[in-house]
Each structure stands twice: as C-alpha cells, then as structure tokens.
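Protein chains in written order, with the numbering used here: chain A, 8 to 102; chain B, 8 to 102.
Here is the structure we will look at, set down as structure tokens.
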DNA sequence: TAGATAATTAGATATTTTTCTAAATATTGC
DNA sequence: GCAATATTTAGAAAAATATCTAATTATCTA
C-alpha cells in the first residue's frame, strides 16, 4: 500500500464524501459529481488522487467512466492504523 | 472525534513518524525531535496539529513537555474506516 | 461524419501547509 | 534574580493543494 498517497487522499473532505457515495455501489463520474458544488474538472482531479491511492477503481462503460471502491485498501489502512498504536501483545508494532 | 483534524494530522509523514516514535512510550519534545532533521519550531507546529486532532496528550514535567499517544483516537479512526467501506451486514454504513 | 454528451488535461490563480528565523515563555539551579 | 535549557509563538517565505476556465479526448447517435 502506498501509505502516503492513501493518507493524503483521505485528508480531503470532498474525497471522503466521494468514497462515501460509492458505498452503495459503483457510480459514474457525473452521478458522483451531481452531489457536489464543484466543477467537473476539480472533481476529476479528486478522482485522480483517489485512483493514485488505489482507493477507487475505474472502468469505462461507453461514454461514461464508472467508479467503484477498492475495499482491500481500506482494510489495509485500518490494519495499518491498528499496528500504529500499542496494545496487548503489540508493543512496538510489527516490521 | 474531529474527523477532519485527525485525517489531516495523519496525512503528513513527519507526524506519522512522530506517532511511531511514541509507540514505545511517552517522550519529551526534545527526545522526539532528535530523530528529525527539522527545527524545534517546526516540530512544535507538528505537535500542535497532533494535539488538535487529539492524537497525543501532553504533560509538563518540570522543564520538559512529555508527549504520549492517545490510543482511543486511533481506535476511533480505525473503526471509522471500517464503517467507510461496505461489507457483509454493513452496506450503507451507519449514521 | 457532425453534433452532443461525459470526462479529462492544461494552465493559471487562490488557499493552505510546511518550514524557517527570531522572539517570547516556562522552569531549573546557582 | 540571572543564566541556561526546553519548548512554544509570531511572522515571513517556500512548497504543495484545490479550484477555476478553456481546450482536448472519447464515445454515442442521428
């Protein structure tokens, strides 16, 4: 996992909202964008950041581009956080 | 949990390294800073961001200020991530 | 093939963040 | 109280990020 990319991607509220919208299933860029008061160009930038972090997957369907969550990266991130704080049986974190 | 503050705090590699150093137990600002090629002032700024996010706690001990992890926020964050991605029994996420 | 629609890329600007130096505050020990 | 040490705060400069408009690419349909 590209740790830096993932954390950077998660740091923006618009991007977190995008991810939230994708919880219900895949959506086109336009469908996602409809919920935000932002230009398609800016939205596209956010998509690029999310893709860079491998948090979303894309697939062209004709004219549209369909975005969907890549759950495995969320799982990795959650696991990483767990490793980051000390707890019973895990004082120094793992290598 | 102040979601935005926490994610923003985690987005910087220096701050993540600071948190990592605190895994082994509480340290003074100076002890932490020794590992980074950065001025005390910049470091202090990072501490402020981490404190803002409630990821660390501080306690003055004489001349020194001792920093320690606030594990509960890590747990909250991990939980939040878990909620963010869909899985069996959790399709829409919770309110 | 031309026009319409969906989305991205390019380039510019505004905002935010990181970092620095210098000055200020808090505490210790003489 | 004064000098030394630890840390923070203030203010400025540099770097990164988010956003916009305009132009481009890809696809569909008539």
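For each residue, glycine too, the CB sits at the ideal point set by N, CA and C.
A quick note: this is a predicted structure, and the numbers were derived from the prediction, not measured.
Inset, instruction - Check residue 89 of chain B in the structure and name its three-state DSSP category. - result: helix
Inset, instruction - Helix, strand or coil for residue 105 of chain B, going by three-state DSSP, please let me know. - result: Given a span of 8 to 102 for chain B in the structure shown, any question on residue 105 of chain B remains unanswerable.
Inset, instruction - With a 10 Å radius around its C-beta and 16 neighbouring C-beta atoms as the bar for buried, classify residue 55 of chain B as buried or exposed. - result: exposed
Inset, instruction - Determine the burial state of residue 48 of chain B: buried for a count of at least 16 other Cβ atoms within 10 Å of its Cβ, exposed for fewer. - result: exposed
Inset, instruction - Would you kindly work out how many angstroms separate the C-alpha atoms of residue 25 of chain B and residue 53 of chain A, rounded to a whole number? - result: 28 Å
Inset, instruction - Measure the alpha-carbon distance for residue 77 of chain B versus residue 31 of chain B and round it to whole angstroms. - result: 13 Å
Inset, instruction - Spell out whether any CB of chain A is found under 8 Å from the CB atom of residue 27 of chain B. - result: yes
Inset, instruction - Let me know the secondary structure DSSP gives residue 35 of chain B once reduced to three states. - result: strand
Inset, instruction - Under 8 Å by Cβ, that's how I've got residue 42 of chain A and residue 28 of chain A pegged, so tell me the actual separation to the nearest angstrom. - result: 6 Å
Legend entry - Contacting residues, own chain, Cβ-Cβ under 6 Å from residue 50 of chain A (five flanking each side not counted): 40
Legend entry - Neighbourhood of residue 81 of chain A by C-beta, 7 Å cutoff - its chain only, sequence neighbours within 5 removed: none
Inset, instruction - Look at residue 9 of chain A and residue 83 of chain A and say whether their C-beta atoms are less than 8 Å apart. - result: no
Inset, instruction - Apply the 10 Å Cβ neighbour rule to residue 14 of chain B and answer buried if 16 or more other Cβ atoms are within range, or exposed otherwise. - result: buried
Inset, instruction - Return the CA-CA distance between residue 72 of chain B and residue 33 of chain B, expressed in angstroms with no decimal places. - result: 10 Å
Inset, instruction - In angstroms with no decimal places, state the Cα-to-Cα distance between residue 63 of chain A and residue 87 of chain B. - result: 18 Å
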